[in-house]
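Colleague: Here's a structure for you.
Residue numbers (the numbering used here), protein chains in the order written: chain L, 15 to 515; chain U, 2 to 485.
In structure tokens:
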């Protein structure tokens, strides 16, 4: 299907139009807050609605980019405005546009001061996220990739918990340090290839020795974003201090930027180095999976536990990507989307009871299931999806990654599977302590049942998790051609990665 | 020597400003002391600057020399002069309404600034060791005076004296270096030196002279290790003067550095490139690390400007046309970041007394949301976060460095920019993450609003105008490289 109007640009920049709307709202603080919430929700929902044609108009049999748009930006320098989506980026665009209205809805009651600024930050964040996934120009990609830091820094720092300043600084500086090393690599690539156009760079052959350095530079950035062990330490702090909606977006979308980066840059552009460094990535990922799972077992703070579980789950993603097999990469993609939905829902689950009791300590809860039965069902479903129960999306991703890992090395598969067992342990234990048992005190007893608003956030996420669990082809079909194209490029680069295995 | 029209026309903007300065002397002398006359003098000065700006903007950019080769007008000079004029204009414009009780409120201020501005413009157009030295002195002497203008303040006097002593030292180095260069090249004209350099195998003493000259200019640019005066002078001078220091003279000095290195010493780039790399790394490190501990915002801005000069020098060290382009883009962003930041810093006062502690900005986002937003944009831009102007400056500067094979320099630069990001973020933290004890004074003059508003727009939308900007910067850069 060809569209005559620039739908991708509209989806990307629609939230910024919403920001202009928000700036025009007048009135006293109460009215301002109420209208800001409504405008932000409407704009982000509308953006989601606009992004649906990207899904339905997407032809999953075509190799290459769709909905492409090109415009002259810096004429004659090889840098231009170029956007488009393929099977790898399209699901992330939808994930971003879906999670943003849900995140705004999640902060309806929880955010009471500076509501307008908060909503502006979220809408700007949405533009940056979507822009990053659709960019087909490396400089544009970097602009969006970095600019995400600005709204996220403010969201954590202004609306976060008691140690928000520390967490915001750590988040910003960690990520920035990784990114600037990538910036130098981008400059080197630009000088070498004379363009920043991503499709052109994918076809450009970088010299072997250069690939090593470029790979390491990009790794510095993406490893922090994913995050991989040992540069994951910003994540628990950022998650614990960020407001619920901030955690949802952070875990749901921002962590995926690293995985997406590996698939868009590291693998296709530096195939030799990717092959060379795969054992390193496997080692880091396995340590991440096992170590952070053990750390998660020891947590007393619910949000921190889920944050560590995110690191473990993202470890699966990096394993899957660097197996460089069809199953592994498809599994990694699937796991990213699934984790985007599940972790957002889990962070929201914590937010729901945090809003009522204002503590995230596991020991302060007990017997919640008796007070909030409907909530217990959703929480359990998401918990099981996180553990990887068959019939949920979590199972498909982990299963495919393990199959791919088995192709690469049986040891990798073995250790990764160990992580699955540990993951089941800490999640089930968390659920038992919070939800089951006797109602431990009057505060828990007095908790309100789940509201319609909270229900309407859980519902779409649950439906999708279930859909992808029972009918994974819905997602796999979309990505198959792009992943095959990526693998063809890898084997065509003269080293036949697949044949060697 | 007989002057004719061919000498006057290329230098018309400077001559016009000099004429304005002479008129201003009369107005200052006979218009009486006090605030009204000060405002009148400032208004006339602003008019002169605008007129000069219009002459450059609409005038044809011919590549020509005047006054027997002493003065060179080309599109590079035009580009840099526009930056200097815009910077001086905004600094002077914001001084028109005295904000704090202890602010300078004397007619001499604007007069001296205009004289210094003529010096800056001549620096940019210098094409001979003699005109170079004269221009540097014309630029410096009035600034020594304005630094010490708040006569009842010990700190201001200290700043003026310190600036004068160290400035005199740098002039001495410049002059000594120039004499060595003249001695071995046998001529004072840049073209003559360039010719001598390319033909002869010049002795080591010539290189020593060149290094002395670069060091002398590095003083003016405030590149480490010649930066010592900067924090004290920034802190001690009255705020409008600090604003001026932070914006305009650095740009002029950087332009002079480019004229000298690319023009006179163009064919021995491998010699001065090492000097510039050392200056660049030292400045980036001193600027980034020094600023962390500062509690006074003017001192912090001083260290920040040292760091910015370090980044610009990284582009210059590349020794290519791309390097010149990078520095020009960097400087374009720099003057707007400086003007925008000082538009807010100038407003920092309580009960009519100016305050300059970083902690005084506490909770600014609650009490003055627009000011806080503006300063936040400036800080993110200075930290080099895209898509703001500061990022594109760094992009083009490091692009030139990488293209010239100076990858370690680029890596050092970006790592230092992360260190630098820490103190810019600290300002944002204090404004946004903390609550105000007592708010700053509420009234905001039009001048500051205009300067801040324009700066925000330029910085936010830099990427929109980047294409035409690159085009003119490219023409200017090739004009600098061209032989005349």
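Ideal placement from N, C-alpha and C gives every residue a C-beta, glycine not left out. From a predicted model like this one, the values you see are computed outputs, not experimental measurements.
Are residue 420/U and residue 290/U touching if we call contact CB-CB under 8 Å?
Modeller: For the purposes of this step, residue 420/U is taken as the residue at position 419 of the second chain. For the purposes of this step, residue 290/U is taken as the residue at position 289 of the second chain. Yes. Within cutoff.
Colleague: Taking 8 Å as the CB-CB limit, is residue 434/U close to chain L?
Modeller: The count along the second chain starts at 1 and reaches residue 434/U at position 433. So yes, residue 434/U belongs to the interface.
Colleague: State the start and end residues of the unbroken beta strand (DSSP E) segment that holds residue 279/L.
Modeller: Here residue 279/L is taken as the residue at index 265 of the first chain, counted from 1. Residue 279/L -> no beta strand (DSSP E), and no H or E assigned at all.
Colleague: Any Cβ of chain L within less than 8 Å of the Cβ of residue 471/U?
Modeller: Here the question's residue 471/U lines up with position 470 in the second chain. Judged by the 8 Å Cβ criterion, residue 471/U is in contact with chain L.
Colleague: Mind checking residue 295/L: buried by the 16 CB within 10 Å criterion, or exposed?
Modeller: Looking up residue 295/L in the first chain gives position 281. With 16 or more other Cβ atoms within 10 Å, it is buried.
Colleague: Report the neighbours of residue 337/U on chain L: residues whose CB is nearer than 7 Å to its CB, in chain order.
Modeller: On the second chain, position 336 is the one that residue 337/U refers to. Result: empty, since nearest Cβ-Cβ is about 18 Å, beyond 7 Å.
Colleague: Which of the three DSSP states, helix, strand or coil, is assigned to residue 127/L?
Modeller: As a first step, residue 127/L must be located in the first chain, where it is residue number 113. Coil.
Colleague: From the beta carbon of residue 186/L, is the nearest beta carbon of chain U less than 8 Å away?
Modeller: Translated into the one-based positions of the first chain, residue 186/L becomes position 172. Answer yes: the Cβ-Cβ gap between residue 186/L and chain U drops below 8 Å somewhere.
Colleague: When the Cα atoms are used, what is the spatial distance from residue 366/U to residue 431/U?
Modeller: For the purposes of this step, residue 366/U is taken as residue 365 along the second chain, with counting starting at 1. For the purposes of this step, residue 431/U is taken as residue 430 along the second chain, with counting starting at 1. C-alpha separation (whole angstroms): 9 Å.
Colleague: Could you tell me the alpha carbon to alpha carbon distance between residue 31/U and residue 150/U, rounded to whole angstroms?
Modeller: By 1-based counting over the second chain, the position of residue 31/U is 30. By 1-based counting over the second chain, the position of residue 150/U is 149. Residue 31/U and residue 150/U: Cα-Cα distance of roughly 20 Å.
Colleague: May I have the straight-line CA-CA distance separating residue 27/L from residue 124/L, to the nearest angstrom?
Modeller: Locating residue 27/L in the first chain gives position 13, counting from the first residue. Locating residue 124/L in the first chain gives position 110, counting from the first residue. Residue 27/L and residue 124/L: Cα-Cα distance of roughly 27 Å.
Colleague: Using 8 Å as the cut-off, can you tell me whether the segment 100 to 114 of chain L makes contact with the segment 439 to 456 of chain L, which would need three or more C-beta pairs spanning the two stretches below that distance?
Modeller: No, they do not touch.
Colleague: Taking Cβ positions only, does residue 197/L come closer than 8 Å to chain U?
Modeller: For this step, residue 197/L is matched to residue 183 along the first chain. Interface residue, yes.
Colleague: Run the CB neighbour count on residue 412/L, radius 10 Å, all protein chains shown included, and call it buried at 16 or more, exposed below.
Modeller: Looking up residue 412/L in the first chain gives position 398. So residue 412/L ends up on the buried side.
Colleague: Note down, one range per segment and in chain order, each alpha helix (DSSP H) of at least 4 residues found wholly within the segment 211 to 294 of chain U.
Modeller: Complete alpha helix (DSSP H) runs here, min 4: 230 to 237, 240 to 259, 270 to 293.
Colleague: Taking 8 Å as the cut-off, decide whether the C-beta atoms of residue 195/L and residue 234/L are in contact.
Modeller: In the first chain, residue 195/L corresponds to position 181, counting from 1. In the first chain, residue 234/L corresponds to position 220, counting from 1. Contact flag set, yes.
Colleague: Would you mind reading off the limits of the beta strand (DSSP E) that contains residue 504/L?
Modeller: The residue given as residue 504/L occupies position 490 in the first chain. Unbroken run through residue 504/L is the alpha helix (DSSP H), 487 to 504; no beta strand (DSSP E).
Colleague: Among the candidates 393/U, 274/U, 334/U, whose CA atom is the shortest distance from the CA of residue 314/U?
Modeller: Translated into the one-based positions of the second chain, residue 314/U becomes position 313. Ranking 393/U, 274/U, 334/U by Cα distance to residue 314/U puts 274/U first.
Colleague: Which residue or residues does DSSP assign as beta-bridge partners of residue 355/U?
Modeller: As a first step, residue 355/U must be located in the second chain, where it is residue number 354. Looking at the DSSP assignment, residue 355/U forms a beta bridge with 350/U.
Colleague: Is DSSP giving residue 41/L helix, strand or coil here?
Modeller: Working through the first chain from its first residue, we reach residue 41/L at position 27. Reduced to three states, the DSSP call for residue 41/L is coil.
Colleague: Could you say if the segment 428 to 444 of chain U and the segment 353 to 365 of chain U meet the contact criterion of at least three C-beta pairs nearer than 8 Å?
Modeller: With the cut-off at 8 Å, the segment 428 to 444 of chain U and the segment 353 to 365 of chain U touch.
Colleague: DSSP beta-bridge partners for residue 80/L?
Modeller: Along the first chain, read from residue 1 onward, the residue named residue 80/L stands at position 66. Answer is 99/L.
Colleague: Hey, residue 220/L and residue 284/L: beta-carbon distance below 8 Å or not?
Modeller: In the first chain, counting from the first residue as 1, residue 220/L sits at position 206. In the first chain, counting from the first residue as 1, residue 284/L sits at position 270. Yes, they are a contact pair.
Colleague: State the CB to CB distance for the pair residue 82/L and residue 98/L, rounded to an integer number of angstroms; the pair is presumed to be in contact (CB under 8 Å).
Modeller: Looking up residue 82/L in the first chain gives position 68. Looking up residue 98/L in the first chain gives position 84. Correct: roughly 4 Å between the Cβ atoms.
Colleague: Interface residues of chain L around residue 143/U at Cβ under 7 Å?
Modeller: Locating residue 143/U in the second chain gives position 142, counting from the first residue. Per Cβ cutoff of 7 Å: no residues; residue 143/U is ~40 Å from chain L at best.
Colleague: Leaving aside the five residues before and after residue 13/L along the sequence, list all residues of the same chain whose C-beta is less than 6 Å from its C-beta, in chain order.
Modeller: Chain L is shown from 15 up to 515; residue 13/L falls before or after that span and cannot be answered.
Colleague: With a CB to CB cut of under 6 Å and the five nearest residues on each side skipped, what residues in its chain are close to residue 58/L?
Modeller: Residue 58/L sits at position 44 when you count from the first residue of the first chain. Closer than 6 Å at the Cβ level, and outside the excluded window around residue 58/L, lie 114, 115, 118.
Colleague: Quick one: Cα of residue 383/U to Cα of residue 461/L, how far?
Modeller: Residue numbering aside, residue 383/U sits at position 382 when the second chain is read from its first letter. Residue numbering aside, residue 461/L sits at position 447 when the first chain is read from its first letter. Roughly 48 Å separates the two Cα atoms.
Colleague: For the putative contact between residue 361/L and residue 252/L, defined by C-beta atoms under 8 Å, what is the C-beta separation to the nearest angstrom?
Modeller: Start at 1 with the first residue of the first chain, and residue 361/L comes out as number 347. Start at 1 with the first residue of the first chain, and residue 252/L comes out as number 238. That pair is no contact at about 12 Å.
Colleague: Can you list, in chain order, the residues of its chain whose CB lies under 6 Å from that of residue 15/L, leaving out five sequence neighbours each side?
Modeller: Numbered from 1 along the first chain, position 1 holds the residue referred to as residue 15/L. In this prediction, residue 15/L scores a pLDDT of 44, lower than 50, which makes its location untrustworthy; the coordinate-derived value is nonetheless stated afterwards. Correct list, in chain order: 71.
Colleague: Report the neighbours of residue 87/L on chain U: residues whose CB is nearer than 7 Å to its CB, in chain order.
Modeller: Taking the first chain and counting its residues from 1, the one referred to as residue 87/L is at position 73. Under the 7 Å cutoff, chain U gives 468.
Colleague: Less than 8 Å between the C-beta atoms of residue 296/U and residue 360/U, yes or no?
Modeller: Counting from one through the second chain, the residue named residue 296/U turns up at place 295. Counting from one through the second chain, the residue named residue 360/U turns up at place 359. Contact: yes.
Colleague: Could you tell me if residue 372/L is buried or exposed, where buried requires 16 or more neighbouring beta carbons within 10 angstroms of its beta carbon?
Modeller: Locating residue 372/L in the first chain gives position 358, counting from the first residue. Exposed: under 16 other Cβ atoms inside 10 Å.
Colleague: Count Cβ pairs between the segment 335 to 344 of chain U and the segment 84 to 93 of chain U that sit closer than 8 Å; are there 3 or more?
Modeller: Short answer: they touch.
Colleague: Taking only three categories from DSSP, how would you classify residue 34/L?
Modeller: The residue you call residue 34/L lines up with position 20 of the first chain. The answer is helix: DSSP assigns residue 34/L an H, G or I state.
Colleague: Is DSSP giving residue 149/L helix, strand or coil here?
Modeller: Walking along the first chain from the start, residue 149/L turns up at place 135. If DSSP states are grouped into helix, strand and coil, residue 149/L belongs with the strands.
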